[in-house]
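Visitor: Questions regarding the structure given below will be posed in turn.
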Amino acid sequence: MTGTAVLLLDAAGPESAALARAAADRGHPVHAATTAARPAPGPGLAGQVVTDFTRPEKAVEDITAYARRRGVGAVLTANEYLTELAALVCAELGLPGNDPHLAHAARDKAAMASVLTAAGVRLPYTRLVHDDTELHNALADAAVGFPCVIKPVSGAGSAGVTVVTSAAQAAEAACTARAARGPYDGEGNGDILVQAYAAGDEYSVESVTQDAVTTHLAVTRKVVTGGARRVETGHSLPVRLPAAVEAAVYREVDEAIRAIGIRHGASHTEVIVDAAGRCTVIEIAARLGAGHIGLLLQNALGIDVFTALLDVALGRPAALTPTAHGHATVRFITAPHAGRLTSLTGFPKRGPGVPFVRWRAAIGGPVNAAGANADRLGCFIVTGPDAAEVEQRADALVRQIRVQVDLTPAPDDRDQLSSASRAAIAP
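According to the numbering used here, the sequence shown holds residues 2 to 428 in order.
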């Protein structure tokens with residue numbers, strides 16, 4: 002099947018918006034598949050199909066029928082929860098996509114652990130837990146130990162993930178993991194994962210695969226909060242690892258990409274590198290890294306990853322060679338505790354070396370303590386030719402920011418940050 006139209010599965014969010022702009026700028030009509038609960042934003046869409054993402058067979062039927070009527074020649078998504086559906090739709094339409102028989106392993110983390118282990122990928126020892134008895138048994142397993150990680154089988158953005166240092170914390174962590182359902186998971190079965198803790202430095206690898214050939218664009222350093230609930234507060238790229246360590250990281254990532262059937266598209270692989278230089282794969286997603294990593298790639302390396310992903314989806318050669326050799330970092334701001342945001346001062350403005358700023362929470366609105374990436378209040382990007390100078394500037398800007406939060410909740414805090422995020426108070 003060929004055509005000039007581009008279909009996005011869920012057109013919401015900054016990464017989806019960037020994909021839509023890349024397609025529109027090159028003259029492709031942009032369509033969206035969405036749900037009644039999440040209508041596609043923006044007047045620039047050529048059309049949309051409303052379906053039910055919780056019923057994959059019905060969604061594939063609705064989307065493929067619409068795509069055939071509209072001459073769709075590329076199907077993409079930046080939504081991690083829809084990557085398996087994208088693979089199924091592409092297979093049905095005969096478009097470049099990932100292996101539909103393996104795509105579930107990029108979403109179901111129990112399946113991911115099984116598939117990666119079978120492929121020989123180094124990853125933390127993992128146990129699937131169905132009930133409290135199995136939770137007790139997992140915690141007693143010497144291969145798990147403490148600290149360990151309890152997390153949802155299906156999740157994203159660190160939602161529901163807890164680092165547990167004793168058995169006494171496990172019951173609450175298990176409840177947190179079970180409550181963190183994705184937007185299209187339905188009732189689910191309450192399964193969770195208990196995973197051995199991997200100590201070391203945290204990175205992610207940003208990659209694009211086309212015709213089963215993978216190009217690694219960059220290694221990204223991650224800054225993560227401590228404590229039981231880990232939230233990413235910064236990404237910096239590119240990171241220059243020692244040659245032997247970089248080779249080890251890329252070997253593990255290559256095997257992970259093959260194991261979950263990524264053949265056409267982006268991948269974002271989270272890894273830990275320990276003191277001995279050994280790489281452990283934590284998770285892999287069949288999508289571009291979120292948290293504005295696409296913008297970091299553009300600003301630091303001159304790689305227009307959004308246009309590249311469009312070309313991959315259209316079956317055209319993608320431009321993935323760096324045209325610049327700079328450095329970029331994004332820093333995220335979180336609330337000190339839950340409550341009502343009363344004031345914000347010192348937040349940077351766009352200007353030379355600060356190409357992007359975004360603030361999501363409204364003064365007077367509710368905010369959450371940092372428990373997942375979705376609780377972050379805003380961010381800014383700093384760029385420049387020298388890595389050390391960029392990091393120092395970003396640190397200095399963070400120190401200038403003052404976020405005041407009243408412990409008294411806002412009058413209507415049922416929606417927490419999601420309601421406040423609809424109003425921006427910074428450019």
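Backbone N, C-alpha and C fix where the C-beta goes; we use that ideal spot for every residue, glycine too.
In chain order, what are the residue ranges of uninterrupted alpha helix (DSSP H) at least 4 long that sit wholly in the stretch 53 to 137?
Guide: List check, alpha helix (DSSP H) in window: 57 to 71, 84 to 94 and 110 to 119.
Visitor: Counting Cβ pairs, one atom from each stretch, are 3 or more of them under 8 angstroms apart for the stretch 307 to 315 and the stretch 16 to 25?
Guide: They touch, by the three-pair rule.
Visitor: Write down the C-beta distance between residue 5 and residue 48 rounded to the nearest angstrom, noting that I regard them as a contact closer than 8 angstroms.
Guide: Incorrect: roughly 14 angstroms between the Cβ atoms, too far for contact.
Visitor: To the nearest angstrom, how far is it from the Cα of residue 266 to the Cα of residue 408?
Guide: The alpha-carbon atoms of residue 266 and residue 408 are separated by roughly 44 angstroms.
Visitor: Starting from the N-terminal side, write out each stretch of the beta strand (DSSP E) that is 3 residues or longer and does not extend beyond the stretch 239 to 274.
Guide: List check, beta strand (DSSP E) in window: 266 to 274.
Visitor: With a 10 Å radius around its C-beta and 16 neighbouring C-beta atoms as the bar for buried, classify residue 167 as buried or exposed.
Guide: By the 10 Å Cβ count, residue 167 comes out exposed.
Visitor: Apply the 10 Å Cβ neighbour rule to residue 11 and answer buried if 16 or more other Cβ atoms are within range, or exposed otherwise.
Guide: When all chains shown are included, residue 11 counts as buried.
Visitor: Based on the DSSP output, what are the partners of residue 407 in its beta bridges?
Guide: DSSP, once it has assigned bridges, lists 341 as partnering residue 407.
Visitor: Terminal residues of the continuous beta strand (DSSP E) containing residue 208?
Guide: It spans 202 to 211 - the beta strand (DSSP E) in which residue 208 sits, taken as one unbroken run.
Visitor: For residue 154, name the three-state secondary structure that DSSP assigns.
Guide: Coil, per DSSP.
Visitor: When the Cα atoms are used, what is the spatial distance from residue 295 to residue 18?
Guide: Residue 295 and residue 18: Cα-Cα distance of roughly 12 angstroms.
Visitor: Could you tell me the distance, in whole angstroms, from the CA atom of residue 33 to the CA atom of residue 240?
Guide: Whole-angstrom Cα-Cα distance: 35 angstroms.
Visitor: Rounded to whole angstroms, how far is the Cβ of residue 101 from the Cβ of residue 89, which I believe are closer than 8 angstroms?
Guide: Going by Cβ atoms, the distance from residue 101 to residue 89 rounds to 5 angstroms, so yes, they are a contact pair.
Visitor: Whose CA, out of 62, 27, 178 and 334, lies closest to the CA of residue 129?
Guide: Measuring from the Cα of residue 129, the nearest candidate turns out to be 178.
Visitor: Tell me the DSSP secondary structure of residue 216 in three-state form.
Guide: The answer is strand: DSSP assigns residue 216 an E or B state.
Visitor: Here's a check: name, in chain order, each residue in its chain whose Cβ is nearer than 8 angstroms to the Cβ of residue 57, leaving out the five neighbours to either side.
Guide: The residues are 85, 86 and 89.
Visitor: Taking one C-beta from the stretch 209 to 220 and one from the stretch 72 to 83 each time, how about it: are there three or more such pairs within less than 8 angstroms?
Guide: Output reads no: the stretch 72 to 83 does not touch the stretch 209 to 220.
Visitor: Are the beta-carbon atoms of residue 273 and residue 199 separated by less than 8 angstroms?
Guide: Their beta carbons are under 8 angstroms apart, which means residue 273 touches residue 199 by this criterion.
Visitor: Where does residue 162 sit, in a helix, a strand or coil, going by DSSP?
Guide: Three-state DSSP puts residue 162 in coil, outside helix and strand.
Visitor: Quick check on residue 428: buried or exposed, where buried means 16 or more other Cβ atoms within 10 Å of its Cβ?
Guide: Note that residue 428 scores 29 on pLDDT, short of 50, meaning its location in the model is unreliable; the coordinates nonetheless yield the value given after this. Residue 428 comes out exposed.
Visitor: Taking the alpha carbon of residue 109 as the point to measure from, which residue in 63, 183 and 169 has its own alpha carbon closest?
Guide: Checked all of 63, 183 and 169; the closest Cα to residue 109 is 183.
Visitor: Using 8 angstroms as the Cβ pair cut-off and three pairs as the minimum, do the stretch 387 to 407 and the stretch 327 to 341 touch?
Guide: A contact exists between the stretch 387 to 407 and the stretch 327 to 341.
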